[in-house]
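Each residue of the sequence shown is one higher than the one before, counting from 1 in the UniProt record's numbering. Cβ coordinates follow ideal geometry from the N, Cα and C atoms, glycine included. A quick write-up on the structure given underneath.
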Amino acid sequence: MTDTMFSPRISFLRFAKRLGSTYLRAHRMKGGKASKEAGEGDKKGQEAKPRPEFIEHRQKLWDQLIKERDEWIAAQDKVPIKVTLPDGAIKEGQAWQTTPYQVAAGISQGLADSTVVAKVNGELWDLDRPFEKDSSLQLLKFDDPEGRYVFWHSSAHMLGEAMELHCSGHLCYGPPIEEGFYYDMWCPEPVSSTELPKLESLVKTIAKEKQPFERLEVTKENLLKMFEYNKFKQRILQEKVTTPTTTIY
C-alpha cells in the first residue's frame, strides 16, 4: 500500500469560477431539503465504499457541539439593537436574532442573494450569524476582494468533502488563493488526474444539496479530538492554534 499526497489544484481553479455564489446562500432558500434528497442517489454512487469511519466520528462531535452552541444562543437576551449601513441609514433589530442576511433582504432580495459575506464592525461576518450588539454593517459581493476570499474558502470546503467521500482521503491544507482554491490530501492509495472529473461531478452534487455553512467556535481540545484520526490536521492545530478556542466550519 502506497502513501500518496494528492492536490487537485489546476483543474479546480477553472471549475471554481463556474460554481457561482448560489451555494453560499442555498440553505436560506426554499426547497433545500428536497434538493438534497433528489441528489442523494447520485452522491452515494460517487462515494468510496465503505464510507470512511472518521466522518461519522467527526459528525457526532460536531452535532453535540452545535447543540450546545444553539442552546447558549437561545439563552441570550434578545435586546433591541441598531444596525448602521455605510450610507448612514439605521435598521432596527434584536441581538442574537437578527442577521446580516435579514437586513439585506429587508432592503432587497436581490441584494441579499448577491451578497457573499458581511462585515460587522469591521470584522468578516457570516450572513446567517446573528448580531450581538449595536453594529455597523457592510455587505460584500464577489467583486470585493474579501468577498472572493470567502467564496474560494467555502469552495475549498466543498472540494474537501468530495475528496473525503470519493478518495477516503485525510485533508491537509486547503486555502483560498488569488485565482481560486485547492486542497492537499493524503490518500492510502494512489490517485491520478483521471479522478478529477469524478471529483468535479461530486462537488456539483454537493452544491445541489444546499448544505449550510455553519460557524462553530470550539476549544483546541475538542478540535484535536474531532481530527484525532488525521495526523496532518493534528500538526496544523498544534502549530497554528495558540488560543484556547478557534473557529471552524
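Span separating the alpha-carbon of residue i from that of residue j
| i | j | result |
| --- | --- | --- |
| G169 | F151 | 23 Å |
| K119 | E195 | 38 Å |
| E40 | E209 | Low per-residue confidence applies at E40: pLDDT is 47, beneath 50, and the placement is therefore not dependable enough to give any value. |
| W125 | Y229 | 30 Å |
| P80 | L111 | 24 Å |
| L237 | D184 | 16 Å |
| K67 | E53 | 22 Å |
| K30 | K91 | Note on K30: pLDDT 33, under 50, position unreliable in the model; the coordinate value appears next. Approximately 25 Å between the Cα atoms of the pair. |
| D87 | D143 | 19 Å |
| L127 | R235 | 31 Å |
| V116 | K231 | 32 Å |
| R28 | L224 | Residue placement at R28 is flagged as unreliable, the pLDDT there being 35, under the threshold of 50; a coordinate-derived value is accordingly withheld. |
| L13 | S201 | Because L13 sits at a pLDDT of 44, beneath the cut-off of 50, its placement in the model cannot be relied upon, and the following sentence gives the value as read from the coordinates. When rounded, the distance between both Cα atoms is 15 Å. |
| A38 | T242 | With a pLDDT of only 38 at A38, under the threshold of 50, the placement of this residue in the model should not be trusted, and no figure is reported. |
| K82 | E178 | 35 Å |
| Q76 | S136 | 21 Å |
| residue 274 | Q102 | Coverage of the chain is limited to positions 1 through 249, which leaves residue 274 absent and any answer about it impossible. |
| K233 | A105 | 38 Å |
| E221 | E239 | 14 Å |
| V203 | R69 | 28 Å |
| S193 | P145 | 30 Å |
| Y23 | G122 | The pLDDT assigned to Y23 is 36, lower than 50, so where the model puts this residue is not dependable, and the model offers no usable value. |
Cβ separation of residue i and residue j, assumed to be a contact under 8 Å, to the nearest whole Å
| i | j | result |
| --- | --- | --- |
| P100 | L139 | 7 Å |
| R129 | R215 | 6 Å |
| K78 | S114 | Actually they do not touch by this definition, with Cβ atoms about 28 Å apart. |
| M158 | I206 | 5 Å |
| T84 | F131 | Actually they are not in contact, since the Cβ atoms of T84 and F131 sit about 11 Å apart, beyond 8 Å. |
| P190 | H153 | About 28 Å; that fails the 8 Å criterion. |
Limits of the alpha helix (DSSP H) - the one that residue i falls within
| i | result |
| --- | --- |
| C167 | P145 to C167 |
| L224 | K220 to M226 |
| A74 | E53 to A74 |
N- and C-terminal bounds of the beta strand (DSSP E) containing residue i
| i | result |
| --- | --- |
| L139 | S135 to K141 |
| Q94 | I90 to Q94 |
| L124 | E123 to W125 |
Residue i (DSSP reduced to helix, strand or coil)
| i | result |
| --- | --- |
| K210 | coil |
| P190 | coil |
| T247 | strand |
| G110 | helix |
| E239 | helix |
| R215 | coil |
| S35 | With a pLDDT of only 36 at S35, under 50, the local geometry of the prediction cannot be trusted, and the value read off the model is given with reservation. Helix at S35. |
| E200 | helix |
| P176 | strand |
| T98 | coil |
| K78 | coil |
| F232 | helix |
C-beta atoms of residue i and residue j nearer than 7 Å
| i | j | result |
| --- | --- | --- |
| A95 | K133 | yes |
| E56 | L165 | no |
| C187 | C167 | yes |
| Y249 | F227 | no |
| T219 | T247 | no |
| G160 | G174 | yes |
Any non-hydrogen atom of the ligand ATP within 6 Å of residue i CB
| i | result |
| --- | --- |
| E214 | As presented, the structure is devoid of all ligands, the ligand ATP included, so that no description of it is given. |
Test: residue i CB closer than 7 Å to a CB of chain B
| i | result |
| --- | --- |
| E146 | You won't find chain B in this structure, because it holds only one protein chain. |
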